[in-house]
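Heads up: the structure comes next, in structure tokens.
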Amino acid sequence: MNKLLRSLMVVASFAMVSQAMAADLKVGYVQVDKILQEAPQTAESGKKLEKEFSPRSQDLDRMQKQIKDLETSLDKDSLTLSENDRRNKERDVSNLKIEFQRKQRELREDVNLRKNEELGALQDRINKAVTEVAKTEGYDLVIYGGVAFASPKIDLTSKVLQSLGKK
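Under the numbering used here, think of the first position of the sequence shown as 1364, with each following residue one higher.
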């Protein structure tokens, strides 16, 4: 019985200490997904990538039209072309399709690589903004999303967005 009483007293004292520590702990959270959607840098990054890859995308569009035109011409003229000419045109179309697919794959890979680079840079800026807001507001702990419940009072998302908007 004495051991049980002592154990209960130890548990109770730990509970009181942890409550006292929790009372001094200032906690906040941020919704990173919302920040990524609404940060002005996200739109800037999208425009930058669009400008960077637009010429290659337009080249692919022209190439696709060229393939379609060659296929239409081949279908239309197939009866009047010699066997050798028809094979040559079919080979040209096939080679163009292969080149188109290669360029399309390269563009997709390059776009994904650049998107990841831009996302990494934006995440660094978000982390710096979160740290800045946390230090300015005196937060001891800031949690990134994934919270089952959090009071709107401790949501720092709008403050982080404001901080990002200033930069």
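Don't be surprised by glycine CBs; every beta carbon is placed ideally from N, CA and C.
Going by beta carbon distance, what residues of the same chain come within less than 8 Å of residue i, once the five residues before and after it are set aside?
i, result
"residue 1403", "1527 and 1528"
"residue 1368", "Note that residue 1368 scores a pLDDT of 46, beneath 50, so its modelled location is shaky; the value from the coordinates is reported in the next line. Within the same chain, residue 1368 has no close Cβ partners at all."
"residue 1462", "1426"
"residue 1415", "1477"
"residue 1464", "none"
For residue i, which residues in the same chain have their Cβ closer than 7 Å to its Cβ, ignoring the five residues on either side in sequence?
i, result
"residue 1505", "1391, 1392, 1393, 1493, 1497 and 1519"
Consider the C-beta atom of residue i and the heavy atoms of the ligand FMN; say whether any pair is separated by less than 7 Å.
i, result
"residue 1508", "Judged by which ligands are present, the structure shown has none, so any question about the ligand FMN falls away."
Below 8 Å on the Cβ atoms is my contact criterion, and I expect residue i with residue j to pass it. Report the Cβ-Cβ distance as a whole number of Å.
i, j, result
"residue 1433", "residue 1412", "Contact flag wrong, Cβ pair sits at about 31 Å."
"residue 1360", "residue 1398", "An answer regarding residue 1360 cannot be provided, because it is not within the stretch 1364 to 1530 covered by the chain."
"residue 1470", "residue 1420", "7 Å"
"residue 1452", "residue 1437", "5 Å"
Give every residue of the same chain whose Cβ lies closer than 6 Å to the Cβ of residue i, excluding the five residues on either side of it in the sequence, and list them in chain order.
i, result
"residue 1503", "1388 and 1389"
Can you check which of these residues, the options, is closest to residue i by C-alpha distance?
i, options, result
"residue 1531", "1512, 1435 and 1424", "In the structure displayed, the chain extends from 1364 to 1530; residue 1531 sits before or after that span and is not available."
"residue 1477", "1451, 1408 and 1517", "1408"
"residue 1405", "1472, 1484, 1430 and 1422", "1484"
Segment contact flag, the stretch 1478-1488 with the stretch 1438-1452, C-beta cutoff 8 Å, min 3 pairs: no
3 or more residues per run - each beta strand (DSSP E) lying fully within the stretch 1401-1475: none
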